[in-house]
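Below: one structure, written as structure tokens.
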């Protein structure tokens, strides 16, 4: 990995905003890292980028994924049947960096995975491997502030974008604070619950999107429950783009007996799902 | 001593709210409702009435004469096992369910390990006529089948979680997911002093009645405070409940007893504070059994109620501040204590509480050696052992056939 390539990638937010200038929406798929194995993970990442992903959320497995639904829990459980090592993950990221030198990625992980590796040093290491955004679903906005204060660290305000969430139940004053400080993009949760929701309707959230737009230019990405083209079309009516996770991971889980066919199956599914860019 | 938790839900550096953004409005609403109701005379009176007339408080502080003779000490048992539904859990479920009803929730969910908290929650819901869903690990459903049945009998729905190896942690994961989706009409009755703020505070406060009674009772009977108070610790609610009133009494040793399973140097135990390190699980920062990658360990204990890789944040705080000490008792020692208390005193303790009994025996020995006098101790007998009879019978007969 040359440092030149590193320098080419600016912040996640600028990267996404630049991309959005030339296309109708942003698309971020979410897959579990190393599932079903690292080789296939690499092929899946390639497929997703070819299919139009602007960046990819790579999920670190966790034993107790309280913010994910049953599909991701099942995926994580399967990964953890074998020992999981972050060192292997870094080798995988290096491979991705070599193949896609200008491509920033996102890492999803539960707070304890960052805490045990040392928030600061782990974040810096990830940054060197072109990770530009971190999604920690059990690390809400006010606990980030608390951790930063306790550890006298500035990691949450440095170059790495720690993604904040807004949900239909977020109170207005909190929404304002989050929008004002958000970096990278804002993860807008479409509905209550965990990932893999079956219901999807954003029309009732129109006022929330409007008030967010007034406060921030940071891209708004809708997640939780985007499963069809109809969902996707609705998401880009209100937001800058959307995140698709469960639907992709379902395909992987359903095809564990014919691994080589998985990338193509994902490609076909996305052809159906993605609106014209 | 400062009052904990602070307004952010921290006990020193432990605690907090490490949950998805989705749950925060529910936690905020609960914190506000609880702080408002806890000093409301109507709420207090209603709860007290329930604890006295329905649950059976105050519980006896029983002088265990036979055991005291045998172990050469003065041993009192705080008889939470005599409460309705057979364990201390009902103190908390009546409090939380009453609170939920007062803030207009129509549906109650809970996780359960041994099934005691599930039964106690289903009981309160039956009394208050609220819909109730209990999440229970499938392995726990197997070894505590009777409690699974009791929960159904009380009109609640039991949902098995986590596959064949499912235990308490899987039940917590699933209950948190349900709550994230349904908090508008649903209250989550968390069963221990764990999880995100305000649960560690609320559950401690509802369980603190144990220690307040015990303190009054021992002063009346012995005219002095005990040398130690000993309680088992899984999540840690019965221990926090009995410790709370004694925290300011610096001469009273507070001892929490964890489950050492096959032994703390084996990989099969649940001795979180003894062998763990601080980390984040199920919404709070506290001691945790984990590997160096930050993944939470698989744990084991003979007792389903202690079979949990985390512990309540206030215990972590008491441990670090030195105010309480934490020890571990293995499966075999707990099983022996289970038998010894049964035939010596005519009281069959829960396998959870048996860990406290087993450590008391060791502690007394050490105390006498050091001070050359009999100690005065209180053991919190958090629950009765009926639920464990079948599992204990199975293990004991296995041992017998092995040694034969």
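Residue numbers (this note's numbering), protein chains in the order written: chain A, 1 to 277; chain B, 278 to 681.
Glycine included, every Cβ here is placed at the ideal spot set by N, Cα and C.
Legend entry - residue 283 of chain B - DSSP class collapsed to helix/strand/coil: coil
Legend entry - 8 Å Cβ cutoff met for residue 244 of chain A and residue 273 of chain A: yes
Legend entry - Where the beta strand (DSSP E) through residue 294 of chain B begins and ends: 291-295
Legend entry - Listed by chain order, chain B residues near residue 189 of chain A by CB distance under 9 Å: Neighbours of residue 189 of chain A on chain B, chain order: 297, 298 and 299.
Legend entry - Cβ shell of residue 181 of chain A (< 6 Å), same chain only, five flanking positions each side left out: none
Legend entry - Alpha-carbon spacing of residue 266 of chain A relative to residue 95 of chain A, whole angstroms: 21 Å
Inset, instruction - Tell me whether residue 189 of chain A sits in a helix, a strand or coil according to DSSP, three-state version. - result: strand
Inset, instruction - Could you give the DSSP three-state label for residue 604 of chain B: helix, strand or coil? - result: strand
Inset, instruction - Put residue 254 of chain A into one of helix, strand or coil per three-state DSSP. - result: helix
Legend entry - Neighbour-count burial assignment, residue 620 of chain B, 16 or more Cβ in a 10 Å radius: Classification for residue 620 of chain B: exposed.
Inset, instruction - Could you spell out the range, first to last residue, of the alpha helix (DSSP H) harbouring residue 377 of chain B? - result: 366-379
Legend entry - Local Cβ density within 10 Å of residue 538 of chain B, reported as buried at 16 or more and exposed below that: buried
Inset, instruction - Note down the Cα distance separating residue 113 of chain A from residue 144 of chain A, rounded to an integer number of angstroms. - result: In this model, residue 113 of chain A and residue 144 of chain A are separated by some 15 Å (Cα to Cα).
Inset, instruction - Decide yes or no for the touch test of the region 572-581 of chain B against the region 545-559 of chain B: beta carbon pairs closer than 8 Å, at least 3 of them. - result: yes
Inset, instruction - Give the C-beta separation of residue 390 of chain B and residue 511 of chain B to the nearest angstrom, bearing in mind that I take them to be a contact with Cβ-Cβ under 8 Å. - result: Taking 8 Å as the upper bound for CB-CB distance, residue 390 of chain B and residue 511 of chain B are in contact here, some 7 Å apart.
Legend entry - residue 58 of chain A: contacting residues in chain B (beta-carbon distance under 9 Å): None at all; the shortest Cβ gap to chain B is about 16 Å.
Legend entry - Rounded C-alpha distance that separates residue 515 of chain B from residue 585 of chain B: Put simply, the backbone Cα of residue 515 of chain B is about 15 Å away from that of residue 585 of chain B.
Inset, instruction - Hey, could you find the ends of the alpha helix (DSSP H) residue 311 of chain B is sitting in? - result: 301-314
Legend entry - N- and C-terminal bounds of the alpha helix (DSSP H) containing residue 518 of chain B: Going by DSSP, residue 518 of chain B is part of the alpha helix (DSSP H) stretching over 514-520.
Legend entry - Contact set between residue 278 of chain A and chain B, taken where Cβ atoms lie within less than 7 Å: This structure cannot speak to residue 278 of chain A, because chain A is shown only from 1 to 277.
Legend entry - Unbroken beta strand (DSSP E) run spanning residue 221 of chain A, endpoints: 220-223
Legend entry - Near-chain B residues of the region 239-256 of chain A - C-beta to any C-beta below 8 Å: Interface annotation for the region 239-256 of chain A against chain B: empty, criterion Cβ-Cβ distance under 8 Å.
Legend entry - Cβ separation of residue 297 of chain B and residue 137 of chain A, assumed to be a contact under 8 Å, to the nearest whole Å: 5 Å
Inset, instruction - Give a yes or no on whether the C-beta atoms belonging to residue 133 of chain A and residue 189 of chain A are separated by under 8 Å. - result: For the pair residue 133 of chain A and residue 189 of chain A, the CB atoms are not nearer than the 8 Å cut-off.
Inset, instruction - Return no unless some Cβ of chain A is closer than 8 Å to the Cβ of residue 583 of chain B. - result: no
Legend entry - Helix, strand or coil at residue 585 of chain B according to DSSP, with G and I counted as helix: coil
Inset, instruction - Sort out for me which residues DSSP pairs residue 389 of chain B with in a bridge. - result: B:413
Inset, instruction - Report the neighbours of residue 148 of chain A on chain B: residues whose CB is nearer than 7 Å to its CB, in chain order. - result: Neighbours of residue 148 of chain A on chain B: none; closest Cβ ~13 Å, over 7 Å.
Legend entry - Length of the line joining the Cα atoms of residue 9 of chain A and residue 71 of chain A: Using only the alpha carbons, I get a separation of about 33 Å.
Legend entry - Identity of the residue in B:558, B:533 and B:593 nearest residue 637 of chain B by Cα: B:533
Inset, instruction - Taking residue 137 of chain A as the query, report the chain B residues whose CB atoms sit under 7 Å from its CB, ordered along the chain. - result: 297
Inset, instruction - From the DSSP output, in three-state form, read off residue 462 of chain B for me. - result: coil
Legend entry - Where the alpha helix (DSSP H) containing residue 173 of chain A begins and where it ends: Unbroken alpha helix (DSSP H) run through residue 173 of chain A: 172-181.
Legend entry - residue 387 of chain B, buried or exposed, once every other Cβ within 10 Å from all chains shown has been counted against 16: buried
Inset, instruction - Could you tell me which of B:655, B:400 and B:434 sits nearest to residue 356 of chain B, measuring between CA atoms? - result: B:655
Inset, instruction - Out of B:497, B:399 and B:414, point me to the one whose CA is closest to residue 434 of chain B's CA. - result: Measuring from the Cα of residue 434 of chain B, the nearest candidate turns out to be B:399.
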